[in-house]
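Remarks on the structure that follows.
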Amino acid sequence: MLKGHSKTNIRNRFALSVKARCMAELKAAHNKYQGDIKVLKKAMVDVISTIILCFNGYCGTSCAKYSYVCAGTNRQAKNFMPNNVKVRMVDSDQQVLQKCLEMVLSPAALDATKLLTTTQKC
Numbered sequence: 014m015l016k017g018h019s020k021t022n023i024r025n026r027f028a029l030s031v032k033a034r035c036m037a038e039l040k041a042a043h044n045k046y047q048g049d050i051k052v053l054k055k056a057m058v059d060v061i062s063t064i065i066l067c068f069n070g071y072c073g074t075s076c077a078k079y080s081y082v083c084a085g086t087n088r089q090a091k092n093f094m095p096n097n098v099k100v101r102m103v104d105s106d107q108q109v110l111q112k113c114l115e116m117v118l119s120p121a122a123l124d125a126t127k128l129l130t131t132t133q134k135c
């Protein structure tokens with residue numbers, strides 16, 4: 014997925030970026046829908062696939078339509094990533110990223126954290 018001499022550093026920064034994006038999306042959607050868990054569950058399905066596209070370099074119309082924090086201008090996607098690093102994901106990488114995102118943004122995870130007081134229940 015990521016190449017370079019400082020692979021561990023880049024991986025850690027990628028993980029931080031994914032975590033920050035998940036939490037930002039969750040908080041923004043929670044504020045927009047005023048904690049309505051039913052609407053949040055429906056909205057997060059599209060957000061998960063949008064985040065994957067965004068990190069894969071296809072930030073644009075999908076982010077503009079479904080994301081609550083990325084306007085589709087490639088600014089939010091690489092929050093902690095250096096500008097010169099490109100993420101190259103194959104299908105297996107995308108599946109792993111989707112499982113990670115679902116740990117925070119899936120309907121079951123949203124049920125566990127519906128009050129947004131802690132995300133450590135996931």
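In the working numbering, the protein residues as written are 14 to 135.
We put the beta carbon where it would ideally sit given N, CA and C, even for glycine.
task = Return the residue from the list S30, K20, T21 that minimises the CA-CA distance to M94.
result = S30
inquiry  = Nearest by alpha-carbon distance to M116: which of K99, L39, G70 is it?
reply    = L39
inquiry  = Here's the rule: buried if 16 or more other CB atoms are within 10 angstroms of the residue's CB, otherwise exposed. What is V52?
reply    = exposed
request  = Assign S80 to one of three DSSP states: helix, strand, or coil.
outcome  = coil
request  = Let me know if A77 comes out buried or exposed under the rule of 16 or more other beta-carbons within 10 Å of its beta-carbon.
outcome  = exposed
message = In this structure, how does DSSP classify L128 when only helix, strand and coil are distinguished?
response = coil
ask   = Among Y81, Y46, G70, K45, which one has its Cα closest to the Cα of D59?
value = Y81
query = With 16 as the cutoff for other CB atoms within 10 Å, does G48 come out buried or exposed?
reply = exposed
key: Inter-residue spacing [alpha-carbon to alpha-carbon] between R101 and G85   = 19 angstroms
message = Relative to the C-alpha of L177, which candidate in F68, K99, I50 has its C-alpha closest?
response = This structure does not reach residue 177, given that the chain is present from 14 up to 135, and the question cannot be answered.
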